[in-house]
Every structure is written in C-alpha cells, then in structure tokens.
Amino acid sequence: MDPHALDQPSKAPRVVDRWGAAGGSARTGSPAPAGITVDEYRDHVLALVAPLAAEPVTLDELATAAPARRVLAEDVRSLLDVPRFDASAMDGYALRGTYLAAATPDSPVTLRVVGDIAAAPSTAPAAGRGASGATGATGEAVRIMTGAPVPDGCDVVVPVERTSTRRFVPGAPLDERIEVYEPSRPNIRHRAEDVAVGDLVAAAGAPTTPRLVSAAASAGHATLPVHRVPRVAVLSTGSELVPVGTAPGPGQIPDSNSLLLAACVRDAGGVPVRVGAVPDTAEALRAVLDDVAPHVDLIVTSGGVSAGAFDVVKEVLTGPEDAVPTTTRGRSDVLLVAVGMQPGKPQAAARWRGTPLLGVPGNPVSAYVSFRAFVRPAVRRLAGHPEPVEPLVERVATEGWRSPAGRQQFLPVRFVGADGVAPVGPGAHHVSALTRADAIAVVPPEVEAVGPGEVVRVMVIA
Ligand SMILES: Nc1nc2c(c(=O)[nH]1)N[C@H]1C(S)=C(S)[C@@H](COP(=O)(O)OP(=O)(O)OC[C@H]3O[C@@H](n4cnc5c(N)ncnc54)[C@H](O)[C@@H]3O)O[C@H]1N2
Ligand code: MOO
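Just so we're aligned: 400 in the UniProt record's numbering is position 400 of the sequence shown, and the numbers increase by one with no gaps anywhere.
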C-alpha cells in the first residue's frame, strides 16, 4: 500500500480481512470521529519502517545478551557433518555384529578386549580407529564410551549391562575378556545422519531461539548474520508529569507511560532509549526530537495527540511547513488520524528528520493497546521479522459484553478454563484492568455485542 494514499480521503473503503473489516476515510489534520481502520493505519505505519541491516553476532552474545531473540538475515547452512563421525550411542563394547549371530544366554560368545576409547580421546583416532588400532578382527572388542568414534570394522556397540562386565567402575582395570549373551542392535549414530555439510540449518527470517543457537554451534558456526536491534526512543509529553519517585504535587501524576512503552519496546525485541517526560511546549518537544532522531530507528511519543489546547505532538507535527524538519516528503509524511478503535482512537505517524515517529494517546490503556496494535509490529519489522503482525488466537467468550458500533474494540480479558475468556471486570479502561488481563479481545467494528459461547479473537499478552 502506498503510505501517502492515506493523505487523501479514499472514496471506497477498502475491506481488510485481517484484524478488522471495512473502514471509513482517513483525515490529515484534526482527528475526526470517522477514521480509518486498524489494519489500514497499521499498513501506513509498517510502510514507514524497513528491516535494519545485517551484522554478524557471536553465538555467545546471541545466547547470553538481550534481546533474547534476534532475526536471521540470511540462510544458514551447515559447515560440518552432524554427527561429525560414526559415534557410539552407548557405553559398552564395539565389535563386529556378525560374531554375535549365535550368542545365547546358555552359549555366550567370548571376545578379547583389545582397546579402550574414551568419549574425548586425547589423540584423535585416525579414521575412527581405536587408540589401540583395534578393528573388528575375529573375536575382538574395544571398550567404548558414548559419543566416542566407533573404530573401523566395528558395526555394533553392545551396552555394558548386556555383557559379563555388567557395569564400568571408574579406575578399575579393563576386563581382558567379556562374554555377550545375545545379538545386539547397532547403537551407532552415523556421520551426517542429522545434518550434512551444506544442509540448511535455518532460513532467513528465523528467530534465534535457544535451539537455533545450539544447532548453529553444532554446525560449526561461531557467529550468525542477524538484523541489527532497533533502537527506539520513548518519550511522554505532558506538563502534569513528574518522574517516577518524585512525589506528585497538585494536578501532577507520575510518568508511567515512558516506563510502560520502554518495557514494551524491550519485550518486542528492541532497545529502548527512555527519554522520560517532556513539557507541553512545542520548543521543548522539538528540541528533544532533534536531539534523539539521529541516534534511533524509531521515536514513540505518548500523549498530546487529541483535541486539547495543549496537544503538543499534534501542534509540532502540524506546524508550519518549515517547522516540521522532515528530510523526505515534507508534510505528506505526517498523518494525524482517528483510527476506528476503542481505546486508542487518536494516532500520529510521521518522520522527524527522516526518523519514523509514532505518537500514541496518553491514556495508559490506550497507549498500551496502541503499542500492541501498531508500534510492536513496527519494531518487529525493523528487527527483521518476516511476519511483523502476530496472529490472533481464537477463544470462546464465557460471558457476553457490548462493543462500540463502528470501532474495533480492544478489551482486556482473562483466561477461563482451557479455551475461554471473560472480561477482566468493571473498569476495562483503567490501567488496573491490564495488570489482571491475560489477553486483549479484538472485536471487529461491525460487532456490537459478543454473546456467551461465541468465538472471539484475542491477542495473548500473558
Ligand atoms: N475533545 C476531545 N477530547 C478528547 C478526544 C477527542 O476526540 N475530542 N479524544 C479522547 C481520547 S479517545 C483520548 S485517548 C485522549 C488522548 O489524549 P492525548 O493523547 O492527547 O493524551 P493526554 O491528553 O496528554 O493524556 C490523556 C490522559 O492520559 C494521562 N497520561 C498522559 N501521559 C501520561 C503518562 N506519561 N503517564 C501516565 N499517564 C499519562 C493523562 O493524565 C490524561 O489523563 O484524549 C481524549 N480527549
Ligand atoms: O481512543 Mo481513547 O484511546 O478511547 O481513550
């Protein structure tokens, strides 16, 4: 979708079959009651950002440092065979299996123990031979530990408990002879049976899960090419805000949103740069934006986007042309819009000196819902996720509730039983509701009531 298409009111509403349904028209300038749909606005937001460049990062850092998951920028192929050699799957004796064809408990086969191979041989055995040089010559066996290379000529490892030795005692001398009472399964992990040199370990776009980091190490890699981690500046606007830890005076409140949004950025796989609260003056906000824009990949502001006399984000973004220092397409990059959703209606998207900027409403529940609906997908796209919008899951409403006509509802719900959800209770618009919620129900704009037993789609946040 052309991001600038939203600058003009569209004649025919586009039907988007994802989180919602048909929408109205976009407005540039003041938020208007009839807005664009959640899906349309998110398309606009996603068009402002692109996956960040790739960089090599050590597996150690991927395993130990934040963020927990990054995104592979290229396909990764194995540099090694896994297993690297035919390896024993048991502690026992390696030998040629055909000797055991006639073995029975009454007539065991006796073998001479001619060598001893530890799991980590001090010198690498040539071509998988035991340190003794033993092969599978008639009547010979080699003691072998799990993971050790199986000597050439041997095709079976008999577990120690199925031999006359019964168990290995640390420090005890090697048995010179052993008896085996029955034929044995091979108990050998063959070279490259898991992964061969050149096999695909993981495709571009895969998250660097603990399993992937480990598989890359087994495949001989020391680093992986991953997308750079998005740096996201988070700031709150409002002259009523005081930093957390400062006692609020009359009319003042603690700035909780910059903490909320910073933690959400980290959760989404970004590095938050928490600027804190900025007073409601255009000069102060412009100065902070000028300061952070060159150092981050995205700016998120809270508050100041509705119809108030001091809505400073709106003021700064809709100021005279030369007051919006965008390096790209001037004012056409600014979208102040009423999105057909509740909560979270007033939203702002722009560029500040080329850096994408998303403005979410100041009400903390609105800010959280807006983050999940728009900012998180943007952070995930910057981080390289091929599917930045996470799918909703279906649950059954165990109680009914009402939903506003024409607006997509985002309602905090708790899990009930295996597949049910219920509203968290009165005050869904209060921040305390969020702390009790396991998920946010996402109800399409055309639905005005959800009945008990109906299927609803939810965004899991637990
Ligand atoms: N005349 C109209 N008024 C409002 C409209 C409208 O369409 N016409 N929309 C309402 C809606 S919906 C929302 S949402 C809010 C959005 O307002 P702002 O984004 O401009 O946010 P503020 O006015 O700055 O604050 C709203 C609310 O949130 C509290 N807040 C703000 N920042 C923080 C913070 N960092 N930490 C904690 N709490 C914060 C603030 O105290 C206010 O109570 O506008 C409606 N008005
Ligand atoms: O859209 Mo506002 O976010 O309802 O509270």
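Just so you know, even glycine gets a beta-carbon here, dropped at the ideal spot from N, CA and C.
Residues in its own chain within less than 8 Å of residue i by CB, not counting five upstream and five downstream?
i      : result
Val460 : Val393, Asp438, Ala439
Asp155 : Arg96, Gly97, Gly136, Pro186, Ile188
Gly220 : Ser78, Leu79, Leu80
Arg162 : Gly92, Val180, Tyr181, Glu182, Ser184
Let me check you understand the geometry: is the CB of residue i closer than 7 Å to at least one non-hydrogen atom of ligand 1?
i      : result
Pro361 : yes
Ala307 : yes
Ser432 : no
Ala219 : no
Gly304 : yes
Ile253 : yes
Glu240 : yes
Asp291 : no
Asp311 : yes
Ser258 : yes
Ser78  : no
Ala63  : no
Ala277 : yes
Ser403 : no
Ser214 : no
Beta carbon of residue i: closer than 7 Å to some heavy atom of ligand 2?
i      : result
Gln342 : yes
Lys345 : yes
Ser366 : yes
Kindly identify the DSSP beta-bridge partner or partners of residue i.
i      : result
Ala233 : Val273, Ile299
Asp116 : Arg143
Met459 : Ile440
Gly359 : Thr301, Ala348
Phe415 : Val421
Phe410 : Val442
Leu335 : Ala349
Val450 : Trp401
His227 : Ala54
Thr110 : Glu179
Met341 : Gln408
Val393 : Val458
Val71  : Pro207
Arg189 : Ala87
CB-CB under 7 Å to residue i, same chain, minus the five flanking residues each way: which ones, in chain order?
i      : result
Leu260 : Pro364, Ala367, Tyr368
Val292 : Ala233, Val273, Val275, Ile299
Glu240 : Gly251, Gln252, Ile253
Leu46  : Pro377, Ala378, Arg381, Pro388
Ser164 : Ile178, Glu179
Ala204 : Leu72, Ala73, Glu74, Asp75
Does the beta-carbon distance from residue i to residue j come in below 8 Å?
i           : j      : result
Gly417      : Pro452 : no
Leu72       : Val197 : no
Ala87       : Ala148 : yes
Leu111      : Gly139 : yes
Gly319      : Ala282 : yes
Glu55       : Val226 : yes
Pro404      : Val389 : no
Ala350      : Gly270 : no
Leu62       : Thr301 : no
residue 463 : Gly359 : Residue 463 cannot be examined here, being either before or after the span of the chain that is shown, 1 to 462.
Ala397      : Glu454 : yes
Ala94       : Val150 : yes
Ala216      : Val76  : yes
Val142      : Ile178 : no
Ser78       : Val213 : no
Ala103      : Pro210 : no
Arg407      : Glu448 : no
Val312      : Leu285 : yes
Val339      : Val38  : yes
Pro356      : Leu59  : no
Ala433      : Val424 : yes
Arg353      : Asp290 : yes
Using a Cβ-Cβ cut-off of 6 Å (strictly less than) and excluding sequence neighbours within five positions of residue i, which residues of its own chain qualify?
i      : result
Asp2   : With a pLDDT of only 41 at Asp2, under the threshold of 50, the placement of this residue in the model should not be trusted; the figure read from the coordinates follows. There are no such residues.
Gly330 : Since pLDDT at Gly330 reaches only 43, below the 50 mark, its modelled position is unreliable, and the value read off the structure follows with that caveat. So no residue of the chain qualifies.
Val82  : Asp194, Val195, Ser218
Cys264 : Phe371
Gly92  : Val157, Val158, Pro159, Val160
Ala53  : Arg228
Thr64  : none
So, is the C-beta of residue i closer than 8 Å to a C-beta in chain D?
i      : result
Glu446 : Given the protein chain composition of this structure (a single chain), no chain D is represented.
**Report entry** Start-end ranges of the beta strand (DSSP E) lying completely within the region 139–163, minimum 3 residues
**Finding:** 140–144, 156–159
Report task. At 4 residues or longer, and completely inside the region 236–270: list those alpha helix (DSSP H) runs for me, N to C. Result -> Listed in chain order, they are 257–267.
Query raised in the report: Where are the beta strand (DSSP E) runs, 3 residues long or more, that stay fully inside the region 78–108, in chain order?
Result: 92–95
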